[in-house]
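Read top to bottom, the protein sequences are chains A and B. Sequence positions in the first sequence follow the working numbering and run 1 to 358. Sequence positions in the second sequence follow the working numbering and run 1 to 364. All C-beta atoms in this analysis are idealised placements derived from N, C-alpha and C, irrespective of residue type, glycine included. If you're wondering where the values come from, they're calculated on a predicted model, not measured in any experiment. A short worksheet on the structure shown next.
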Amino acid sequence: MIKYLLNKLLYAFITLVGVITVIFFLFTILPGDPAKMMLGQNQTADQVEAVKKKYGFDKPLAKQYLYYLNDLSPISFHSNNPEDYTFLGPNKYTATDLWTIGKTTTVLKFPYLRESFTKQGKKVTQVIGETIPNTFVLAISAIVIAILLGIALGIVSALFKDKWIDKLIQVLSTLGMSVPSFFSAILFAWLFGFVLHEYTNLEMTGSLYELDDFGEKMTIQWKNLILPAIVLGIRPLAVVIQLMRNSLLDVLGQDFIRTARAKGLSEFQVIKNHAVKNALNPVVTAISGWFASMLAGAVFVEYIFGWNGLGKEIVNALNTLDLPVIMGAVLVIAIVFITINILVDVIYAWLDPRVKLY
Amino acid sequence: MKIENNSLTSLALQKFKRNFWGVFSIVLIGLIGLVSVFAYVFAPDASKNANQMHLSIHSKTPGFQVQMLTIPSRQTSNQSFFSKLFFGVDNLDTEIPISSYSIKEGMLSYMEYAVNGGEGIEKQISLSNFPNNDYQKYIDTRTFIFGTDKYGRDYLSRILIGSRISFFIGFVAVFISLIVGLIMGSLAGYYGGKIDAVIMWIINVTWSIPTLLLVIAITLALGKGFWQVFIAVGLTMWVEVARVVRGQIISAKEMQYVTAARALGYKDYRIITKHILPNIFGPLIVISAANFAAAILIESGLSFLGIGAQPPMASWGAMIKDHYNYIILGQPYLALIPGICIMLLVMAFMLVGNAFRDALDVKT
Numbered sequence: 001m002i003k004y005l006l007n008k009l010l011y012a013f014i015t016l017v018g019v020i021t022v023i024f025f026l027f028t029i030l031p032g033d034p035a036k037m038m039l040g041q042n043q044t045a046d047q048v049e050a051v052k053k054k055y056g057f058d059k060p061l062a063k064q065y066l067y068y069l070n071d072l073s074p075i076s077f078h079s080n081n082p083e084d085y086t087f088l089g090p091n092k093y094t095a096t097d098l099w100t101i102g103k104t105t106t107v108l109k110f111p112y113l114r115e116s117f118t119k120q121g122k123k124v125t126q127v128i129g130e131t132i133p134n135t136f137v138l139a140i141s142a143i144v145i146a147i148l149l150g151i152a153l154g155i156v157s158a159l160f161k162d163k164w165i166d167k168l169i170q171v172l173s174t175l176g177m178s179v180p181s182f183f184s185a186i187l188f189a190w191l192f193g194f195v196l197h198e199y200t201n202l203e204m205t206g207s208l209y210e211l212d213d214f215g216e217k218m219t220i221q222w223k224n225l226i227l228p229a230i231v232l233g234i235r236p237l238a239v240v241i242q243l244m245r246n247s248l249l250d251v252l253g254q255d256f257i258r259t260a261r262a263k264g265l266s267e268f269q270v271i272k273n274h275a276v277k278n279a280l281n282p283v284v285t286a287i288s289g290w291f292a293s294m295l296a297g298a299v300f301v302e303y304i305f306g307w308n309g310l311g312k313e314i315v316n317a318l319n320t321l322d323l324p325v326i327m328g329a330v331l332v333i334a335i336v337f338i339t340i341n342i343l344v345d346v347i348y349a350w351l352d353p354r355v356k357l358y
Numbered sequence: 001m002k003i004e005n006n007s008l009t010s011l012a013l014q015k016f017k018r019n020f021w022g023v024f025s026i027v028l029i030g031l032i033g034l035v036s037v038f039a040y041v042f043a044p045d046a047s048k049n050a051n052q053m054h055l056s057i058h059s060k061t062p063g064f065q066v067q068m069l070t071i072p073s074r075q076t077s078n079q080s081f082f083s084k085l086f087f088g089v090d091n092l093d094t095e096i097p098i099s100s101y102s103i104k105e106g107m108l109s110y111m112e113y114a115v116n117g118g119e120g121i122e123k124q125i126s127l128s129n130f131p132n133n134d135y136q137k138y139i140d141t142r143t144f145i146f147g148t149d150k151y152g153r154d155y156l157s158r159i160l161i162g163s164r165i166s167f168f169i170g171f172v173a174v175f176i177s178l179i180v181g182l183i184m185g186s187l188a189g190y191y192g193g194k195i196d197a198v199i200m201w202i203i204n205v206t207w208s209i210p211t212l213l214l215v216i217a218i219t220l221a222l223g224k225g226f227w228q229v230f231i232a233v234g235l236t237m238w239v240e241v242a243r244v245v246r247g248q249i250i251s252a253k254e255m256q257y258v259t260a261a262r263a264l265g266y267k268d269y270r271i272i273t274k275h276i277l278p279n280i281f282g283p284l285i286v287i288s289a290a291n292f293a294a295a296i297l298i299e300s301g302l303s304f305l306g307i308g309a310q311p312p313m314a315s316w317g318a319m320i321k322d323h324y325n326y327i328i329l330g331q332p333y334l335a336l337i338p339g340i341c342i343m344l345l346v347m348a349f350m351l352v353g354n355a356f357r358d359a360l361d362v363k364t
């Protein structure tokens, strides 16, 4: 088991290095000069030089890549020469010195995602740290809605196969998969936040924390969660319905169901204790993979509902070409994806003895 | 006596024909495809990108009618017939919405259409501007079936021409993803070992970056524009194809027909292309239909964020972006029409994919 876990972790690490490499090169071969992009309209040659030096844009690509890895790695190497790019100035990040050999100090630190171009040098780690909890709340609510509703509708659909209610659920589920999330977000915001505002009392936009009426205190607004969570849940919901229906239909055709019926169990007991329980497996596997892609899917939903999460931050960063923030966000989402995959694999290996450990 | 054709393909086709929604969707896709190819023939405004703006009649409701005065340009265009047919007319004429006109002493005086039905400005123009002084040919009543957008362009024409991008991106993305996916998947599945490990690593890396964000990153790296989006989408979707091809080839490798081909001394290339690939045709069709739908969704999303097709090119996603704040200004249809178009097209491809999956008996 330990060996299995270590193997998984090692593979995840190699994948992560690949992701970092892809992100770095995609964002570094951008057309246009990043130093000029950062300074905006009013720039002098001196300023451009200073920025290039500060961020290492004047160095060759391979060197910039090593610097990037050095910034990301929790254990990093720094020169004691103040002229060198890797010199650890007092403002860069807090780190614990491990040892010094010659002119190079090795330190232990939290991965450094560099500074935002546009937010007066605010650290990207801080930008992401402030927004990602909101996105997690949104994504988890959406997943919960999708699972509960999806399993229920999937069961109904399977039990009433080819009846009108099954057909209706099928149509709705196909519809849910075909609608672009920004469009469903606009539709829901308009319908429930504007047209039906009197009855629903929901707003078209709003975040989890809003200033209260006096503009002094941040208060938590749970009702603002309702619409974005439903919208974000539409696509996973549609998928869960299909999976649950097909899986339950498969299970219902198997011998042990006939046995259960032959034992004289009521139809309700057969479905509840024997069929549904066994049909859930493929659904659970699929859902775990959905979570990370929901973090990315939240981009549109957060943008339209004005939800202060990572997705909205990504759109803002896209509009201002704040590259470090986009790079950091992509990286963090990829890490979440990889972590969840390991967790799912390990949990499966632990629960199901048939899974081969290699 | 009629000879019954019992090949697997014809059996699958028979099964497909029995699926009402599958056939319906194929027909729908065919129709939309025709419309997109001949968009400029159907569009009331056949100018390039349907970009004839009339700011004084912006955001009018569907069915809006106005008299339009066309002042012909003195420049002559030497555009070829085919270029006009497929890429729209290079528009040189000026169009002015008017509320009334009269003729005095060889001059045409007209009242410009004013925004809120108020008094417009009266202007005059010499009749000699019109060939043979035949001004009547240049004044006609226009009906805007879907109304006008916020620049006073004909919305119906924009919708028709916008279908092109959605279709085109689907084709290009599916094409690129099939080529890359087939090559990578075949190499990994057939040879196994180190090649497989490296390709699986590339697949896992691509897989770990959410599609939307990867496409955004590639688009940023290649620069804004619609070709870049096409390439970006194709380069992210090959992963799915490669995984399926790899899995199918690994299981096909153990089949007797492959062993037989190998015993006959055929080269690897021939075994893969002539023996294995035809046998995994089914899953490829199903996955391509799904990719087509996904590509349309991603393109519309990118255009909605403003990094897809750039104006004045018409794209459904960009049209929603331009008009979605009109939903609270009493004109929700401006955002609803393109949205419904995207949904219809995506749904058609999904239903076709499902129908193929049932007909070809593909397990996904």
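At a cut-off of 8 Å between beta carbons, residue 180 of chain A contacts chain B. Residues of the region 323-344 of chain B with a C-beta less than 9 Å from any C-beta of chain A: 324, 327, 328, 332, 335, 336, 338, 339, 340, 342, 343 and 344, listed in chain order. With respect to residue 40 of chain B, residue 86 of chain B sits close: the two C-beta atoms are nearer than 8 Å. Within 7 Å of the CB of residue 293 of chain A, the CB atoms of chain B belong to 210, in sequence order along the chain. Judged by DSSP in its simplified three-state form, residue 78 of chain A adopts strand. Contact annotation for residue 300 of chain B against chain A: 180 [CB-CB distance below 7 Å, chain order]. In this structure, residue 233 of chain B keeps its C-beta atom at 8 Å or more from the C-beta atom of residue 185 of chain B. For residue 226 of chain A, the CB contacts under 7 Å within the same chain, skipping 5 residues up- and downstream, are 202 in chain order.
Separation of residue 289 of chain B and residue 341 of chain B (C-alpha to C-alpha, rounded to the nearest whole angstrom) is 18 Å. Per DSSP, the unbroken alpha helix (DSSP H) holding residue 195 of chain B starts and ends at 193-208. The shortest C-alpha to C-alpha distance from residue 210 of chain B to any of A:53, A:58, A:74 and A:336 is the one to A:336.
For residue 121 of chain B, the secondary structure class from DSSP, reduced to helix, strand or coil, is coil. Sorting A:86, A:110, A:87 and A:103 by C-alpha distance to the C-alpha of residue 96 of chain A places A:110 at the top. Under a criterion of Cβ atoms nearer than 8 Å, the residues of chain A adjacent to residue 304 of chain B are, in order, 180, 182 and 300. Taken in chain order, the whole alpha helix (DSSP H) runs of length 4 or more contained in the region 6-39 of chain B are 8-18 and 20-37. Beta-bridge partners of residue 108 of chain A (DSSP): A:75 and A:96. For residue 307 of chain A against residue 327 of chain B, the beta-carbon gap comes to about 18 Å, at or over 8 Å, which does not count as contact.
Straight-line spacing of the CA atoms in residue 223 of chain A and residue 170 of chain B works out to 39 Å.
Identification of chain B residues near residue 177 of chain A by a Cβ-Cβ cut-off of 7 Å yields 350, ordered along the chain. Bounds of any beta strand (DSSP E) do not take in residue 57 of chain B, whose DSSP letter is neither H nor E. Assignment of residue 338 of chain A by DSSP, reduced to helix, strand and coil, places it in the helix class. Here residue 286 of chain B is not near residue 25 of chain B, since their CB atoms are 8 Å or more apart.
Ranked by Cα distance from residue 281 of chain A, the options A:9, A:250, A:229 and A:265 are led by A:250.
At a cut-off of 8 Å between beta-carbon atoms, residue 216 of chain B makes contact with chain A.
Of the other Cβ atoms in all chains shown, fewer than 16 fall within 10 Å of the Cβ of residue 258 of chain A; this residue is therefore exposed.
Taking C-beta separations shorter than 8 Å and ignoring five residues to either side along the sequence, the partners of residue 359 of chain B in its chain run 12, 13, 15, 16, 19 and 22, following chain order. Taking a cut-off of 8 Å on C-beta distances, the region 307-326 of chain B does not touch the region 335-351 of chain A, as fewer than three cross pairs fall below it.
The DSSP-derived three-state label of residue 79 of chain B is coil. Contact of residue 325 of chain A with chain B by beta-carbon distance below 9 Å is absent, the smallest such distance being about 12 Å.
Chain-ordered, the chain B residues with CB closer than 9 Å to the CB of residue 318 of chain A read 216, 220, 305, 306 and 307. Look at the region 3-16 of chain A: the residues with a C-beta under 7 Å from a C-beta of chain B are 14 and 15. Taking each of A:178, A:181, A:29 and A:157 in turn and checking the Cα distance to residue 170 of chain A, the smallest one comes out for A:157. Under DSSP, residue 337 of chain B takes part in no beta bridge, so it has no partner.
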